[in-house]
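Numbering-wise (full-length UniProt numbering), the sequence shown opens with residue 1 and increments by one.
Positions of the beta carbon are idealized from the N, C-alpha and C atoms, including for glycine.
Here the structure is a predicted model, which means the values were calculated and not measured.
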Amino acid sequence: MTIDLVLPDWLTDAHRATLVELAERNAAAHGDDLLGIVLSGSVGRDCATERSDLDVLVVLRDEAASARTTDRSPDVDEIPERWSDLLKVAPFGTEDWWYRWSFAWAPVLLDRTGGELADAVQRQARLAPDEADELLIDHDRLEGWVNFAYRALKNDRDGRALEARLDAAESVPWLLDVVFATAGRVRPYNKYLPWELRTHPLDGWPGDELLDLVVRLLDGDASAVREAFPRVRDACAAYDAGRGHSRTTDSIRGWGSELEIFAQRS
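Rendered as C-alpha cells:
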C-alpha cells in the first residue's frame with residue numbers, strides 16, 4: 001500500500017525511507033483506523049544531531065490505539081496516540097501537561113481527518129486566553145517569578161551571594177512560563193528553548209537577549225533581575241490590554257512599595 005506523506009525538505013534519505021515504511025506498515029495494519037502521522041523530536045524540528053532518533057506519533061482511532069504500546073528502538077520511537085486524547089488539552093499542573101509541547105511546531109506527515117489533526121496538533125502547544133490567565137494568575141507563575149526575583153535582590157542587598165544566586169536561578173522557569181504564557185504559547189522543553197527563540201521569535205523578547213538574560217540569572221546577576229522586571233511588567237501590560245482586563249498588572253502592583261528594590265542598585 002502506497003501512502004502519500006508530506007515530508008519536510010530537511011529529512012535525510014534514510015529518514016524518508018524509514019517514515020515511508022512506518023506509514024505503509026501502519027496503514028496495512030490499521031486501515032481506516034490510521035488517522036495520521038506526526039513527526040516530533042529533534043528531527044521534526046530540523047535540529048537533529050547524529051545521535052537523534054525519529055519520534056513518530058501514530059494517531060489512531062481509540063480502539064486501535066488501545067491495542068498498541070510505544071515501540072522504541074535506537075532509530076525510531078513509534079508512539080501510538082489516541083484520537084480522543086489528542087483532542088483534549090491537559091491543564092497546567094496536571095499529569096499530561098508536560099506532554100503538550102511535544103506537538104509544538106511538529107510537522108504533520110499524514111492527515112486523514114480533513115485538517116482536524118493539524119488543528120489539534122497546533123492547539124496542544126497554544127494557550128487559549130483563559131488558559132494563559134489561569135497559568136499566570138491562578139497558578140501563580142507571575143506571582144512566583146516576582147517573589148523569587150524579589151528574594152534574590154534582597155539577598156544580594158544583604159550580602160548573601162549564594163542565597164541570591166539560588167533565588168535568581170530558581171526564578172528562571174517561572175520567568176519563562178510568564179514570557180511564553182503572555183505570548184499564548186506553552187513553554188518549550190529546555191533543550192529546545194534556543195531553537196524556538198531563534199526560529200519562532202517572541203514579540204518583545206529577542207532570542208539572543210532573552211537567552212543572555214537567562215544565563216545571567218543562572219549566574220545570580222542582580223542586574224539581570226532588575227533588567228527582567230520592566231520587561232515583564234511591559235509584557236504583562238500588553239497582555240492585559242489584549243485581554244481587556246488588568247489582572248497581571250494588578251498582581252504586580254499588589255507588591256506596593258516592595259517593588260522599589262527593583263529600581264535600586266546594590
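One or two residues paired with residue i in a DSSP bridge
{"i": "residue 225", "result": "Note: residue 225 sits in no beta bridge, so no partner."}
{"i": "residue 211", "result": "Paired residues: none, contrary to the question."}
{"i": "residue 38", "result": "57 and 108"}
{"i": "residue 79", "result": "57"}
{"i": "residue 119", "result": "DSSP, once it has assigned bridges, lists no residue as partnering residue 119."}
{"i": "residue 243", "result": "DSSP output for residue 243 lists no bridge partner at all."}
Cβ-Cβ distance between residue i and residue j below 7 Å
{"i": "residue 262", "j": "residue 229", "result": "yes"}
{"i": "residue 141", "j": "residue 174", "result": "yes"}
{"i": "residue 45", "j": "residue 62", "result": "no"}
{"i": "residue 57", "j": "residue 79", "result": "yes"}
{"i": "residue 24", "j": "residue 3", "result": "yes"}
{"i": "residue 185", "j": "residue 176", "result": "no"}
{"i": "residue 37", "j": "residue 110", "result": "yes"}
{"i": "residue 247", "j": "residue 137", "result": "yes"}
{"i": "residue 32", "j": "residue 64", "result": "no"}
{"i": "residue 162", "j": "residue 92", "result": "no"}
{"i": "residue 235", "j": "residue 204", "result": "yes"}
{"i": "residue 39", "j": "residue 107", "result": "yes"}
{"i": "residue 48", "j": "residue 156", "result": "no"}
{"i": "residue 224", "j": "residue 202", "result": "no"}
{"i": "residue 237", "j": "residue 249", "result": "yes"}
Contact belief for residue i with residue j at Cβ below 8 Å, rounded distance in angstroms
{"i": "residue 103", "j": "residue 121", "result": "5 Å"}
{"i": "residue 12", "j": "residue 75", "result": "That pair is no contact at about 12 Å."}
{"i": "residue 101", "j": "residue 189", "result": "6 Å"}
{"i": "residue 252", "j": "residue 146", "result": "6 Å"}
Nearest residue (CA-CA) to residue i, options the options
{"i": "residue 35", "options": "203, 118 and 208", "result": "118"}
{"i": "residue 220", "options": "152, 106, 64 and 123", "result": "152"}
{"i": "residue 231", "options": "210, 135 and 250", "result": "210"}
{"i": "residue 66", "options": "38, 48, 94 and 30", "result": "30"}
{"i": "residue 196", "options": "172, 125, 147 and 256", "result": "125"}
{"i": "residue 77", "options": "60, 95, 43 and 47", "result": "43"}
{"i": "residue 191", "options": "10, 28, 50 and 41", "result": "41"}
{"i": "residue 26", "options": "14, 115, 5 and 116", "result": "5"}
- Task: Evaluate contact between the segment 215 to 224 and the segment 164 to 173, counting only Cβ atoms and requiring at least three cross-stretch pairs below 8 Å.
- Result: Yes, they touch.
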